[in-house]
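Undergrad: Sharing a structure below in structure tokens format, with a few things to ask.
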Amino acid sequence: MGSIVANYASSEGHNVVIIDKNEKAFELLSPEFSGFTVHGDATEVENLKAAKIEKADVFLALTNNDNVNFMVSMIAKRVFGVRKVIARVYDPDNFELFQEFDINAISPILLMSEALKGVLISPME
Amino acid sequence: MMKVVIVGGGKVSYYLAKSIIEKGYKVVVINKDEKFCKEMAMKLKALVINGDGTKLNILSQAELLKEDIVVILTPRDHDNLMTAHLVRKFFGVERIVSLVNDPENVDIFKELGINTVVNLTLLINQTLETMMFADEIEQHIPIEEEKLVFVKFELPADSPVKDKALKDIKLPPESIVSAIIRENDVIIPRGDTVLKEGDRVFVMCSPRVQTRVTELLLGVD
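Pasting the structure below:
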């Protein structure tokens, strides 16, 4: 997921920094990717500092763990003052909590169910 | 009645639950580990919930009320932060104590609204610093044997200066109380600092008045 967004953003000419604790994930980057990579756990603040997060215009938390995404998004927003923070949120119960702290929450489950509704409803008409 | 809800943690959560129950409070334990939960359910007079304490549906089973206290003890800071915010937002709990594993996250948790945190590394460090304090002072102050001595006293129960303020103790002019260690705290003394039984008192003085200082602090036999 992260690599798709990173490749896209990089190809659009943005400066991209990726933090991932799994070094293999960097192999998914396209040869044209021109950004930086930080190998480490994003819940350790020193890794966020290494990525110069305070200079970011947009911060995306896309791990498959809601709690990790919540913590790093909160840090990006409240400690480093990143304006636009977007997070992947799996558990619909968590949605409200993310939004309360002005984190742009995107739920794969809600998106999927919306898409399914479209597919299911249209043939009936 | 107010209850204490303990989320996560291994042995520590067991001992903690046990001591809170002994004080007469109602305790709820939430833990992911099924085997641990079975053990807890047998050993403790507490409601034990087996499940992920970062999930709203699990936390709901604890029937949290806003006067309750929540103690969060998992080894993962991101899980602890999530639980803390969920119980506050959805159940109005204000009294939250969270373990913070990474010392760097202590300030971060405070910044993110979780004010009461415990960090083991910092706690142990504090104790270590106190232990190493005397050694360090000796290393940092070039004590010339004839001119200056550095003496440590532990104040006994029958000390003549117990419960007295430093300004009321007639220490010789060639001496000064430089620091006091009380339990785990280092106190930099002032005139109104009152000495207590068990205080470790560090005095710098000239060797000539050392006996006098000892008599004053410990009493004359």
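Line by line, the protein sequences are chains A and B.
Just so we're aligned: the first sequence equals residues 1 to 125 in our numbering.
Just so we're aligned: the second sequence equals residues 1 to 221 in our numbering.
Beta carbons are placed, not taken as given, at the ideal position from N, Cα and C, and that holds for glycine.
Spatial neighbours of Val194(B) within its chain, please: CB distance less than 7 Å, with the 5 preceding and 5 following residues excluded, ordered by chain position.
TA: Asp163, Lys164 and Ala165
Undergrad: Tell me the rounded alpha-carbon separation between Ile181(B) and Ile124(B).
TA: 16 Å
Undergrad: Just mark Thr116(B) as buried or exposed, buried being the case when its beta carbon has 16 or more other beta carbons within 10 Å.
TA: exposed
Undergrad: Could you tell me the distance, in whole angstroms, from the CA atom of Asn67(A) to the CA atom of Asn50(B)?
TA: 19 Å
Undergrad: Using 10 angstroms around the beta-carbon of Asp107(B), count the other beta-carbons present and answer buried if the total reaches 16, otherwise exposed.
TA: exposed
Undergrad: Could you tell me which residues DSSP pairs with Ser98(B) in its beta bridges?
TA: DSSP links Ser98(B) through a beta bridge to Ile72(B) and Val117(B).
Undergrad: Taking a contact to mean a Cβ-Cβ separation below 8 Å, would you say Val151(B) touches Gln210(B) in this structure?
TA: yes
Undergrad: Using a Cβ cut-off of 8 Å (strictly closer), state whether Lys162(B) contacts chain A.
TA: no
Undergrad: With distance defined between alpha-carbon atoms, name the residue in Glu154(B), Pro172(B) and Glu129(B) nearest to Gly198(B).
TA: Glu154(B)
Undergrad: What are the partner residues of Asn31(B), as DSSP defines its beta bridges?
TA: Asn50(B)
Undergrad: Run through the DSSP bridge pairs and tell me what His39(A) is partnered with.
TA: Asp20(A)
Undergrad: Report yes or no: is there a C-beta of chain A within less than 8 Å of the C-beta of Lys167(B)?
TA: no
Undergrad: May I have the straight-line CA-CA distance separating Lys26(B) from Ala76(A), to the nearest angstrom?
TA: Looking at the two C-alpha atoms, the distance is approximately 38 Å.
Undergrad: Show which residues of chain A have a CB atom less than 9 Å away from the CB atom of Thr130(B).
TA: Those do not exist, as Thr130(B) stays about 27 Å from chain A at its closest Cβ, beyond 9 Å.
Undergrad: Apart from the five residues just before and just after Pro75(B), which ones in its own chain have a Cβ nearer than 7 Å to its Cβ?
TA: Result list for Pro75(B): Asn101, in chain order.
Undergrad: If we cut at 8 Å on Cβ distances, does Met40(B) have a partner in chain A?
TA: no
Undergrad: What residue range is occupied by the uninterrupted alpha helix (DSSP H) comprising Leu60(A)?
TA: Careful: Leu60(A) lies outside any alpha helix (DSSP H), inside the beta strand (DSSP E) at Val58 to Ala61.
Undergrad: Measuring alpha carbon to alpha carbon, tell me which residue in Tyr8(A), Gly40(A) and Val72(A) is nearest Asp79(B).
TA: Val72(A)
Undergrad: Beta carbon of Lys3(B), beta carbon of Val29(B): below 8 Å?
TA: no
Undergrad: Classify His85(B): buried if its beta carbon has 16 or more other beta carbons within 10 angstroms, exposed otherwise.
TA: buried
Undergrad: So which of Glu174(B), Gly9(B), Val161(B) and Ile169(B) has the shortest CA-CA distance to Ile72(B)?
TA: That would be Gly9(B), whose Cα lies nearest to the Cα of Ile72(B).
Undergrad: In three-state terms, what does DSSP make of Ser13(B)?
TA: Helix.
Undergrad: I believe Val87(B) touches Leu59(B) by the beta-carbon criterion, under 8 Å. Please report the beta-carbon distance rounded to the nearest angstrom.
TA: 6 Å
Undergrad: So Lys32(B) contacts chain A; which residues on that side make the cut at Cβ distance below 8 Å?
TA: Near Lys32(B) there are no residues of chain A at all, since even the closest Cβ is about 13 Å away, more than 8 Å.
Undergrad: Indicate the three-state DSSP secondary structure (helix, strand or coil) for Glu44(A) in the structure shown.
TA: coil
Undergrad: Excluding five sequence neighbours on each side, which residues of the same chain lie with their C-beta closer than 7 Å to the C-beta of Ile20(B)?
TA: Its chain contains Val4 and Val27 as the residues whose beta carbon lies nearer than 7 Å to that of Ile20(B), once the 5 sequence neighbours on both sides are disregarded; these appear in chain order.
Undergrad: Can you list, in chain order, the residues of its chain with a C-beta nearer than 6 Å to that of Ser98(B)? Leave out the 5 residues immediately preceding and following it.
TA: Ile72, Asn80, Ala84, Ile114 and Val117
Undergrad: Which same chain residues end up closer than 8 Å to Arg208(B) when comparing Cβ atoms and leaving out the 5 residues on each side of it in sequence?
TA: Glu174
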